[in-house]
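Chains as they are written, first to last, in my numbering: chain S, 72 to 219; chain L, 72 to 219. Accompanying notes for the structure given below.
Protein chains: 2
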Amino acid sequence: MLRISKMTDYAIMVMVELHGLRGEVLSAHALAERSHLELPTVSKVLKLLVKTDLVASYRGPSGGYSLERDAEEISVAEIIAAIEGPIAMTECSVEEGLCAQEAVCGLRGNWQRISLAIAKAMEAVSLAEMAQPVKTPAAPLHITTFNA
Amino acid sequence: MLRISKMTDYAIMVMVELHGLRGEVLSAHALAERSHLELPTVSKVLKLLVKTDLVASYRGPSGGYSLERDAEEISVAEIIAAIEGPIAMTECSVEEGLCAQEAVCGLRGNWQRISLAIAKAMEAVSLAEMAQPVKTPAAPLHITTFNA
DNA sequence: ACTATATAGTACCATATTAGTACCATTTAA
DNA sequence: TTAAATGGTACTAATATGGTACTATATAGT
């Protein structure tokens, strides 16, 4: 089904929540409430987002989290990568030598191209755009493939 | 990491193998050998591909499998969908009512747009193109997003 | 300084999904 | 009639994921 993980989904929900209060610091507790998610889950996700420099954290009372950058400067691709690592459709599209079949399977190049294309598409979508609700069915996105 | 499942990966390997001998019927056993995969796995994948009308099957001795259509007319998207269902990044992008958060989360429309974009990109890649080996790093694909 | 509040890090468990296997029924060419 | 092949179902094992708990550390306020 080519899904993002639930954790990634949650991460984007939390990021969207952090957007809209630019600069304002919100505790994990407050973010959990606002996003209708469980506190431990939100905490876990936030820690990953801090590690990858998407979110700034402040300790102590009245501490919490805020976006490290403007929502326009943060891409969906970055959030996905923060939670689940590099955007790649197959093992072999991450780097050479990860797949045992590599010697006998000629698909690596094509998987890399496809993975790269998808990664670029997600890079082009900013958190700010993501936060903008869209009625469904929305105007479809246009994607061109295999035109080098 | 946004991966396709291994089964899907195998499915494409098998389909690529079936291509190159247009029309020729190959047994699951022969396909397993050629693709360097285990017979039970290949059988399982082939059954799914038959069910979704991508592959034709013939019973009895000298039976086996062949492509149902020309490789140019089969898209990678179809193969993915055959093994793992509709191409969708989140539950909510498949159809309404699958995600409990739907009422409080405004991301559905955007996820649908992104999923659709990726699906279209994969539709544009044919099995024939996939079978054509590409040296890495290949020329990157160009994808445009959020330009309705 | 002390205390309460909040994040940081690590480690853990339970569950769900996926991969892989086995078995028996059915079809069909020789 | 027989043997070779697919069709279908059900099962097992491994892995990944989601979710939780606990301890350490930092800090604002009194």
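A virtual CB, placed ideally from N, CA and C, is assigned to each residue, including glycine.
The shortest CA-to-CA distance from Ala153 (chain L) to any of L:Lys115, L:Glu200 and L:Leu178 is the one to L:Lys115. In this structure, the straight-line span from the alpha carbon of Ala142 (chain L) to that of Ala148 (chain S) is close to 32 Å. Contact between Tyr81 (chain L) and Leu108 (chain L) holds, with the beta-carbon distance rounding to 6 Å and staying under 8 Å.
In the three-state DSSP reduction, Val205 (chain S) falls in the coil class, being neither helix nor strand.
Under the DSSP definition of a beta bridge, Gly135 (chain L) partners with L:Tyr129. Within chain S, not a single residue places a beta-carbon under 7 Å from that of Glu88 (chain L); the smallest gap is close to 10 Å.
With a cutoff of 8 Å on beta-carbon distance, Ile145 (chain S) and Ser98 (chain S) are scored as not near each other.
Under the 8 Å criterion on CB atoms, Asp80 (chain S) is classed as interfacial with respect to chain L. The Cβ-Cβ distance between Asn181 (chain L) and Val205 (chain S) falls below 8 Å.
Within chain S, no C-beta atom comes less than 8 Å from the C-beta of Glu149 (chain L); the nearest is roughly 13 Å away. Cys176 (chain L) and Met86 (chain S) do not touch by the CB rule: their CB atoms are close to 12 Å apart, not below 8 Å. With fewer than 16 neighbouring CB atoms inside 10 Å of its own CB, Met78 (chain S) falls in the exposed class.
Within chain L, the C-beta atoms nearer than 8 Å to that of His107 (chain S) come from Gln172, Val175 and Cys176, in chain order.
The continuous alpha helix (DSSP H) containing His100 (chain S) extends over residues Ala99 to Ser106. In the three-state reduction of the DSSP assignment, Ser186 (chain L) falls in the helix class, which pools H, G and I.
With a contact defined as Cβ atoms closer than 8 Å, Ile151 (chain S) and Thr161 (chain L) miss out at about 12 Å. In chain order, Met72 and Leu73 make up the part of chain S whose C-beta sits under 8 Å from the C-beta of Glu155 (chain L).
At least one CB atom of chain L sits nearer than 8 Å to the CB of Thr161 (chain S). Assignment of Ser114 (chain L) by DSSP, reduced to helix, strand and coil, places it in the helix class.
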